[in-house]
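To start, the structure under review is shown below, and the notes come after it.
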Amino acid sequence: MTGKILVGIIVLSAVLMGAGVYYFQIYGFYDEIDPASPAAEIRLTPPGGVAEAIPVSDFRGIDANSSPIRYRSCFTVGQGQQELADAYAAHPEPTPLTAPGWFDCFDARQIGTDLEAGRAVALMGVENITYGVDRVVAIYPDGRGYSWQQLNRCGKEVFAGDPPPAGCPPPPERTD
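No gaps in the numbering here: position 42 of the sequence shown is 41 in numbering that gives the first Met the number 0, and each next residue is one more.
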């Protein structure tokens with residue numbers, strides 16, 4: 000009898016722990032971004048320049064303090080895709096990262112497929128928005144826009160435990 004109770008407690012604990020981990024990975028750490036907040040500003044970087052804000056509407060976004068690559072957003076731009084592509088730097092390796100299923104305006108697989116097929120263009124939002132992480136912006140001809148944050152070449156090496164590659168700034172000092 001004691002064995003059945005002990006097994007029951009272990010199984011119940013495992014189920015509750017699994018449910019908690021699922022909740023926090025999918026819902027708990029994310030916050031929706033207020034469209035009127037500075038975090039909702041979409042910025043693009045001209046070649047050799049400093050990132051500048053562009054006007055957007057219909058902004059929806061999510062972010063989390065737990066990781067610099069959890070940011071995702073969907074929005075509409077008033078400028079044409081070609082006009083933006085001519086004025087701002089292309090991102091060399093756009094790789095949209097998946098969003099939680101409940102954030103249904105952002106479909107990373109479709110965006111990635113459209114970037115590869117040339118149906119969307121990827122522009123540099125903000126390089127090194129935090130060390131080793133770029134904000135990437137994808138724009139469609141119909142004005143739809145999406146952005147996310149992904150590791151850049153410096154971040155990939157440093158976060159893997161290697162020294163920064165040539166041309167990368169030194170990583171920030173750890174405070175932990």
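Positions of the beta carbon are idealized from the N, C-alpha and C atoms, including for glycine. Keep in mind that this is a model prediction, so the values were computed, not measured.
Can you tell me which of Ile9, Phe102, Val135, Tyr87 puts its alpha carbon nearest to the alpha carbon of Pro95?
Residue Val135 is the option with its Cα nearest to Pro95.
With contact counted as at least three CB pairs below 8 Å, one residue from each stretch, are the stretch 78-85 and the stretch 101-111 in contact?
Flag = no, the stretch 78-85 and the stretch 101-111 do not touch.
So for Cys153, helix, strand or coil by DSSP?
For Cys153, the three-state secondary structure derived from DSSP is helix.
From the DSSP output, in three-state form, read off Leu114 for me.
DSSP places Leu114 in helix when its eight states are reduced to three.
How should Asp133 be labelled, buried or exposed, when 16 other C-beta atoms within 10 angstroms of its C-beta is the threshold for buried?
That one is buried.
Starting from Asp33, trace the beta strand (DSSP E) both ways and give me its first and last residue.
Careful: Asp33 lies outside any beta strand (DSSP E) and carries neither H nor E.
Give, in chain order, every unbroken run of the beta strand (DSSP E) that is at least 3 residues long and sits entirely within the stretch 38-79.
Fully enclosed beta strand (DSSP E) runs of no fewer than 3 residues occupy 41-43, 51-53, 55-62, 71-76 of the stretch 38-79, in order along the chain.
Look at Ala107 and Ala119 and say whether their C-beta atoms are less than 8 Å apart.
Taking the C-beta atoms as reference points, Ala119 is found no nearer than 8 Å to Ala107.
How about Phe58 and Pro34: do their beta carbons lie closer than 8 Å?
The answer is yes: Cβ separation under 8 Å.
Cα separation between Gly60 and Lys155?
Going by the C-alpha atoms only, they are around 25 Å apart.
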